Amino acid sequence: MKQLFFILALLLATGGSVMAKSVKKQHVILIGLDGWGAYSVPKAHDIPNIKNMMEHGAYTLMKRSVLESSSAINWASMFNGACTEQHGYTEWGSRTPEIPSAIVNSRGIFPTIYSILYEQHPEAETACMMEWDGIKYLVDSLAISRVEVVADYLNNLDKLTELAEDYIKEKRPNFAAFCYDGIDHAGHESGHDTPAYYDAIARADRYVGRIIQATKDAGIFENTIFIITSDHGGKEKGHGGKTLLEMETPFIIYGKGIKEGYQITDVMMQFDVAATIAEIFHLKRPQAWRGQPITSVFKGRR
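Right under this line is the structure:
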């Protein structure tokens, strides 16, 4: 009996250490490109890094935003795994929920992917760095190792990438999101589907390449999954409406354990992003989440 108890205790101890090690060895980098409409991908020619990720990873150009198709609402849904009616952020620039969140955690916020990763693996190194400061109100900042906003990014377009490169090399994060605003800015200033808009996409692609290189320099590339996606698209000089130009955004996932050259056929919504990240880390998802992991992107899964 004592021998059996010892074996069970050893198995439990080993299982716990294996889980901890698996989180420390797993890395997910999310690159969020505000205002990047899916319609632009076939038209954009100067995006070699993004195209390489599509060729050697999995993707869909039909992920839908929640309504309305604007920023805070969809960044919240992306990180919170839920729809507007549940998390309660209903306006472009929401900083607190206009509708009381269906549930809140001990920090008083609807549970985000950062929340559940922190609660289930507090040792995980995480970050959320952004150009648009509105995102910091949506992600449960107290559950994140490092939150940083790039002030006046339009006068220093490389700053966020420089921060990302240094941070990746120094900390080797388990989960980090780097959220860029340049494409959305070009859409509002010059218009969607214009030369300036595609120039902004090409610039973002160069930043993607630099972030990938930083993981190689940090020695974590082989254990990293990269996700590139957006909060919404747009048309003319705006967004927020119910057209597919505004609602459909790319979702590209690439790296360790991801199928290569796979076009996702599952219906995908904005809140499925958080659920898919939770699946990568083997996290228990909150009952209040409505997001479903897109398991078909993983090798050996359908």
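Residue numbers (mature numbering (1 follows the signal peptide of the UniProt record, and there is no 0)): -20 to -1, 1 to 282.
Even glycine gets a Cβ: it sits at the ideal position worked out from N, Cα and C.
This one's a predicted model, so the numbers in the text were calculated from it and none came from an experiment.
Distance cut-off 8 Å: residue i Cβ against heavy atoms of the ligand ATP
i	result
ASN60	Among the ligands in the structure shown, none appear at all, so the ligand ATP cannot be discussed.
Paired residues, beta bridge with residue i - DSSP
i	result
TYR39	ILE232 and GLN243
HIS219	For HIS219, which the question treats as bridged, DSSP gives no partner whatsoever.
ARG44	GLU228 and MET249
VAL8	PHE155 and ILE205
LEU13	TYR160
TYR186	The question names Tyr, but residue 186 is Arg in the sequence shown. Paired residue(s): none; ARG186 is not in a bridge.
CYS63	Paired residue(s): none; CYS63 is not in a bridge.
MET109	GLU128 and PHE158
PHE278	ILE238
Exposure of residue i, with buried meaning 16 or more beta-carbon neighbours within 10 Å
i	result
ILE79	exposed
LEU134	exposed
ALA38	buried
GLU48	buried
GLU65	exposed
PRO102	exposed
GLY15	buried
ASP132	exposed
THR76	exposed
GLY213	buried
GLY61	buried
HIS67	buried
GLY17	buried
HIS262	exposed
HIS219	buried
Euclidean distance between Cα positions of residue i and residue j
i	j	result
MET249	THR40	11 Å
GLU150	ALA198	8 Å
TYR242	THR174	29 Å
SER95	ILE181	31 Å
MET33	SER74	32 Å
THR229	SER86	33 Å
ALA52	ILE115	7 Å
ALA144	CYS159	10 Å
ASN154	ASP146	15 Å
GLY221	SER45	11 Å
ILE148	GLY12	16 Å
ARG281	THR245	14 Å
ILE192	ILE83	36 Å
LYS264	MET58	17 Å
GLU71	SER50	8 Å
GLN100	ASP179	41 Å
LEU140	LEU97	24 Å
SER81	TRP55	15 Å
THR209	GLY237	19 Å
ILE93	ALA24	31 Å
LEU10	THR256	12 Å
ARG69	ILE89	For the sequence presented, residue 69 should be read as Tyr rather than Arg. Answer to the nearest angstrom: the Cα atoms are 11 Å apart.
LYS31	LYS5	27 Å
GLU142	GLU202	22 Å
Cβ of residue i within 9 Å of any chain B Cβ
i	result
ARG126	The chain labelled as chain B is not found in the depicted structure, where only one protein chain is given.
Close Cβ partners of residue i (< 6 Å) along its chain, the five nearest in sequence each way excluded
i	result
GLY235	THR204, ILE205 and PHE206
ASN29	ASP185, VAL188 and GLY189
LYS43	THR229, PHE231 and MET248
PRO91	ASN85 and PRO266
ILE233	GLY37, ALA38, ILE207 and VAL277
ARG126	ALA107
GLU240	HIS36
ASN136	none
LYS217	HIS168 and GLY171
ASP211	ASP14, SER51, ASN54 and TRP55
Spatial neighbours of residue i in its chain, beta-carbon cut-off 7 Å, leaving aside the 5 residues before and after
i	result
VAL129	MET110, ASP113 and LYS116
LYS215	HIS172, THR223, LEU225 and GLU226
GLU259	PRO273 and THR275
LYS1	Below a pLDDT of 50, predicted positions are generally treated as unreliable, and LYS1, at 47, falls in that range; no measurement from the model is reported.
ILE27	ILE181, ALA182 and ASP185
ALA194	ALA144, GLU145, ILE148 and LYS149
residue 344	Here the chain comprises residues numbered -20 to 282, so residue 344 is not present and cannot be evaluated.
Beta-carbon contacts of residue i that lie in its chain and below 8 Å, excluding the five residues immediately before and after
i	result
ARG152	HIS7, GLU105, ALA198, GLY199 and ILE200
TYR177	SER20, ILE163, ALA166, GLY167, SER170 and GLY171
Are at least three pairs of beta-carbons, each pair with one atom in the region 167 to 175 and one in the region 107 to 123, less than 8 Å apart? no
Check whether the region 268 to 276 and the region 250 to 257 are in contact - that is, three or more C-beta pairs closer than 8 Å. yes
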